[in-house]
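Protein chains in written order, with the working numbering: chain C, -10 to 237; chain H, -10 to 237.
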């Protein structure tokens, strides 16, 4: 991995994730995309719709990582408190963004009301920039190194793709997987030796019901290929047929 | 919610969740089960296979919440570093648990090796207790208020059910949902009023493509019923047919 690669964290805001009602789908998408951009996702936190929890987690993450992506809590209902909390964390006022108000007025007409206008709220400051999405009239926004995104996965993805070109990139992290009908305990010693021989590749081992999936990740494709060849040979040596493929 | 309810956090350990390769499935299961046990899941963190990240997160969580559940990193391969990190966090030595060694010796016979024996490692101390699973010869364990579970969802669930009877319980949190073909922005004002009238119920609003799902949670079933009745009436008042059902 490149030493100087930018880092990132995701802050997932929502009681519904912690209660088990909703399965998060944003970490896997954003995680994969950040890998291709060479940005290292180093932590995720899931917090409830509680101001102190949101503000505390946001301040911890934004002072630790290059970028923070928040998801959830930017809708029109009483439980959407993300913007109020972001403003608290940055010690700024909440203001209504005139461009969003204009877009909402055109879109909603008579149906525009106070609740919907809350979706035009952003923290005050000339550095706050909107993140548009074709799927939602209510935008996300960037404030300093924090990107505030919707929780609904389709909208979060649109917003991520809209902001992605603005991110500082590192060397892209590539990956390959080798699957085989082997048990982790039978390959662990050789795999550990391969890891030691290739410190610039991160080798992960993931057991399935009757097989094991080995994933090699690195910014260096040639080193990945060398690891994949050794892992495949290791599997053949104990009678398993390795299947090499792309790894998300 | 009951003031004195026990609290909990989940610490998910694994590069594969952050890279997007693997979709976590343990938060939703454990989150739902904790709700029924009256234990309030207040935070989840996902960290990579990096000792400083694991130790730092574990120490933050175990000193904040009644219980911490970790998932992942207790297999036989080089990337399984959870037990070493748990021992570091508690400033204890790692020892091989004789009961697990005996069970593994009987189970694996000639196939028992150093890698598999790593799965018998636990932090030292008379208070460390094993958490058995019918699906895995390698157990999880409890140390103080921390429960160390497998990452594979089927095994994590077995281990959770095995330890669940030992947990201190609070009043169970019940929930109901009301779905209707309404838009959040059209119901937000009335919903906010209902929330204000029922402060002991947590009301969440979750938009879908063409409908909205309102979820009411509380330890008090009668209060949930009152909220559900008001939400259903609110939907009928704007021409939508509410569908009331159980909410996970």
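Built from N, CA and C at the ideal position, the CB exists for glycine as well.
If you're wondering where the values come from, they're calculated on a predicted model, not measured in any experiment.
- Residue 62(H) and residue 85(C) have their alpha carbons spaced roughly 46 Å apart.
- Residue 31(C): member of the beta strand (DSSP E) spanning 29 to 36, first to last residue.
- Per the Cβ contact rule, the stretch 161 to 171 of chain H is in contact with the stretch 227 to 234 of chain H (3 or more Cβ pairs under 8 Å).
- Excluding its 5 nearest sequence neighbours in each direction, residue 220(H) has C-beta neighbours in its own chain below 6 Å: 167, 203, listed in chain order.
- Residue 47(H) and residue 16(C) have their C-alpha atoms some 21 Å from each other.
- Within the stretch 55 to 76 of chain C, the residues whose Cβ lies closer than 7 Å to some Cβ of chain H are 64, 65, 66, 67, 68, listed in chain order.
- According to the DSSP assignment, residue 4(C) belongs to no beta strand (DSSP E) but to the alpha helix (DSSP H) extending over 4 to 7.
- Within the stretch -3 to 9 of chain C, the residues whose Cβ lies closer than 9 Å to any Cβ of chain H are, in chain order, -1, 1, 3, 4, 5, 6, 7, 8, 9.
- For the set 4(C), 117(C), 184(C), 196(C), the Cα lying nearest the Cα of residue 134(C) is the one of 117(C).
- Inter-residue distance for residue 177(H) and residue 162(H) is about 24 Å (C-alpha atoms, whole angstroms).
- Of all residues in the stretch 89 to 101 of chain H, those with a C-beta nearer than 8 Å to a C-beta of chain C are 97, 100, reading in chain order.
- According to the DSSP secondary-structure assignment, residue 97(C) is paired through a beta bridge with no residue.
- In the three-state scheme derived from DSSP, where H, G and I count as helix and E and B as strand, residue 154(H) is classed as helix.
- In the DSSP assignment, residue 79(C) falls within the unbroken alpha helix (DSSP H) covering 71 to 79.
- Taking the Cα of residue 18(H) as reference, the smallest distance to any Cα among 130(H), 83(H), 146(H), 122(H) is reached at 146(H).
- Taking 8 Å as the CB threshold, residue 207(H) stays off the interface with chain C.
- Under the Cβ criterion of 8 Å, residue 222(H) is not counted among the residues facing chain C.
- In chain C, no part has a C-beta under 9 Å from the C-beta of residue -6(H); the shortest such distance is about 13 Å.
- Here DSSP, grouped into helix, strand and coil, assigns residue 65(H) to coil.
- Residue 169(H) sits in a strand when the DSSP states are folded into three classes.
- Excluding residues up to 5 positions away in sequence, 89, 119, 120, 121, 122 lie with their Cβ nearer than 7 Å to the Cβ of residue 128(C) in the same chain.
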